[in-house]
Amino acid sequence: MRVVHVLHGLSPGQGGVLTAALDLCAALGQLGANVEILLTSDASQDVAAENGTYPVRRFPLDRWGRLRDASPAQQHAYQQYLAAADVVHLHTPWSGRNMAIASRLRKLGKPYGVSIHGMLDRWSLRQKAVKKKLFLHCFAARFLHRAAFIHCTAAAETKQVLEVLPRLASTVVTLPCVFDAGPYLPIGKTERPAGEPRILFLSRLHPKKGCETLIAAAHILQQRGHKFRLVIAGPGTPSYVASLKTRVEQAGLQGITEFTGMVLGDEKLQLYRQADIFALPTQQENFGIVLVEAMAAALPVVTTKGTDIWSELEQGGARIVDATAASFADSLEGLILDSSERLRAGRQGAAHVARWLDTHRTAEGYLDVYRRSVAQA
Numbered sequence: 011m012r013v014v015h016v017l018h019g020l021s022p023g024q025g026g027v028l029t030a031a032l033d034l035c036a037a038l039g040q041l042g043a044n045v046e047i048l049l050t051s052d053a054s055q056d057v058a059a060e061n062g063t064y065p066v067r068r069f070p071l072d073r074w075g076r077l078r079d080a081s082p083a084q085q086h087a088y089q090q091y092l093a094a095a096d097v098v099h100l101h102t103p104w105s106g107r108n109m110a111i112a113s114r115l116r117k118l119g120k121p122y123g124v125s126i127h128g129m130l131d132r133w134s135l136r137q138k139a140v141k142k143k144l145f146l147h148c149f150a151a152r153f154l155h156r157a158a159f160i161h162c163t164a165a166a167e168t169k170q171v172l173e174v175l176p177r178l179a180s181t182v183v184t185l186p187c188v189f190d191a192g193p194y195l196p197i198g199k200t201e202r203p204a205g206e207p208r209i210l211f212l213s214r215l216h217p218k219k220g221c222e223t224l225i226a227a228a229h230i231l232q233q234r235g236h237k238f239r240l241v242i243a244g245p246g247t248p249s250y251v252a253s254l255k256t257r258v259e260q261a262g263l264q265g266i267t268e269f270t271g272m273v274l275g276d277e278k279l280q281l282y283r284q285a286d287i288f289a290l291p292t293q294q295e296n297f298g299i300v301l302v303e304a305m306a307a308a309l310p311v312v313t314t315k316g317t318d319i320w321s322e323l324e325q326g327g328a329r330i331v332d333a334t335a336a337s338f339a340d341s342l343e344g345l346i347l348d349s350s351e352r353l354r355a356g357r358q359g360a361a362h363v364a365r366w367l368d369t370h371r372t373a374e375g376y377l378d379v380y381r382r383s384v385a386q387a
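Per the numbering used here, residue 11 is the first one in the sequence shown, and the count goes up by one each step.
1) Taking the straight line between their C-alpha atoms, what separation do you get for S134 and V302?
2) Can you tell me whether DSSP reads C187 as helix, strand or coil?
3) The alpha helix (DSSP H) spanning I230 covers which residue range?
4) Does any C-beta atom of chain C lie closer than 8 angstroms to the C-beta of T102?
5) Under 8 angstroms Cβ to Cβ from H229, same chain only, skipping five residues before and after it: list those, please.
6) Of the choices L17, L115, V379 and A165, whose alpha-carbon is the least far from that of F297?
7) Going by DSSP in three states, R329 sits in which element: helix, strand or coil?
8) For the alpha helix (DSSP H) that F338 lies in, which residues bound it at each end?
9) Keeping to the same chain, check which residues put their C-beta closer than 7 angstroms to that of A59; ignore five residues upstream and five downstream.
10) Where R354 and G246 are concerned, what is the direct C-alpha to C-alpha distance, given to the nearest angstrom?
11) With 16 as the cutoff for other CB atoms within 10 Å, does E10 come out buried or exposed?
12) Quick check on DSSP: helix, strand or coil for R12?
13) Quick one, are the C-beta atoms of M305 and G275 less than 8 angstroms apart?
14) Please determine if the segment 215 to 229 and the segment 187 to 196 are in contact, where contact requires at least 3 C-beta pairs separated by less than 8 angstroms.
15) Below 6 angstroms CB to CB, which residues in the same chain sit around L41 once its five sequence neighbours on both sides are set aside?
16) Let me confirm a value: G119 is counted as buried when at least 16 other C-beta atoms fall within 10 Å, else exposed. Which label applies?
17) Using the beta-carbon count (16 or more within 10 Å), is P82 buried or exposed?
18) Taking all protein chains shown into account, decide if M109 is buried (16 or more other Cβ within 10 angstroms of its Cβ) or exposed.
19) Between L130 and V171, is the Cβ-Cβ spacing less than 8 angstroms?
20) In three-state DSSP terms, what is V302?
21) To the nearest angstrom, report how far apart D378 and T181 are at their CA atoms.
22) Would a C-beta distance cut-off of 8 angstroms place L48 and V14 closer than the cut-off?
23) Would P121 and A150 qualify as a contact pair, given that the criterion is a beta-carbon distance under 8 angstroms?
24) Which of the three DSSP states, helix, strand or coil, is assigned to Y122?
25) Run through DSSP, which three-state label would R136 get?
26) Is I111 closer than 8 angstroms to I160 when the C-beta atoms are compared?
27) What is the DSSP secondary structure of I287, reduced to helix, strand or coil?
28) Kindly indicate the opening and closing residues of the beta strand (DSSP E) around V66.
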């Protein structure tokens, strides 16, 4: 069975969608599946290197899915490439390129599925609401209703998708993202550094992530006389990062707060090793991979119902609280004061992730969905 995943670039700017898709492709390949990636971007747009784990074929498309090279030879090659696929996995519901590819696939009698990636969550639909409502009504709903499967990563996301498009109930599947806990689980078996507890915020710096809430919570904790360090890690626009640093200074936290910028690889693992608590007051996350990473690294996690996997995290001992400074301060206070509770909660979370997100079992779930889609085509 030949499975093609469609991606619109390999730039880190693609964020969690790119990570989720590439991790899934790698896991499927480890099971022996014939997986390929169709890239629709120009090579000049890609910053990340192409992964040699699976074949990558590039057909640059414009925003509405038309080939940039419209020569007869390229048109034929593109058509033949899609015709050779057994099933095509598209990512995100708002892409005109995805809709054009889906139209071609329908004419070829080939099944396709769509991963929503949190983009039909209530919070997401409130952003540019009028534009999205019109686009959904005129284009996206038809594209989604004709899919062989609609993929959501958690029960909370599935519920929100069906609130918007209830007719998808017969095709929606709920499967978590593939997650390799291997690099993170050993962290929980090492001792944390001595000294004041370190609270880690690691995410893209964006207003929806709630960093302002965490800064305000830290100010409350400092006023209560608690000793701790705050580490804020992740990339953001210069103006927004500057606004966060101003908030830190206004709260009198500059002496205990560190901004690291973007961290990757070993540098990111080192932050998890040095941290004692992970906090993310997010307004909206789909799978929230950093929350899973932190839990796998045996850090107690404090977050909100803004992440679609909040229920699954709570089952592993994560503290799910309101997205307010007072709620975060109260939850963090208990963890700052009780090192044994931090240790207990961290170990509970790591064990939960190992059970919940077994890579082999998760990838098999996707293969089952692909097989059913092909059988029903």
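Ideal Cβ placement from N, Cα and C applies to all residues, glycine included.
Short version:
1) 21 angstroms
2) coil
3) C221 to Q233
4) Any reference to chain C falls outside this structure, which holds one protein chain only.
5) Excluding residues within five positions, the ones whose Cβ falls inside 8 angstroms are A261, G262, L263 and A335.
6) Looking only at L17, L115, V379 and A165, the smallest Cα-Cα distance to F297 is reached by A165.
7) strand
8) Residues A335 to L347.
9) Note on A59: pLDDT 44, under 50, position unreliable in the model; the coordinate value appears next. Around A59: no qualifying Cβ.
10) 33 angstroms
11) With the chain running from 11 to 387 in the structure shown, residue 10 is simply not present.
12) strand
13) no
14) no
15) A373
16) Note on G119: under 16 other CB atoms within 10 angstroms of its CB, so exposed under the neighbour-count rule.
17) exposed
18) M109 comes out buried.
19) yes
20) helix
21) 13 angstroms
22) yes
23) no
24) If DSSP states are grouped into helix, strand and coil, Y122 belongs with the strands.
25) In the three-state DSSP reduction, R136 falls in the helix class (H, G or I).
26) No, they are not a contact pair.
27) Strand at I287.
28) V66 to R68
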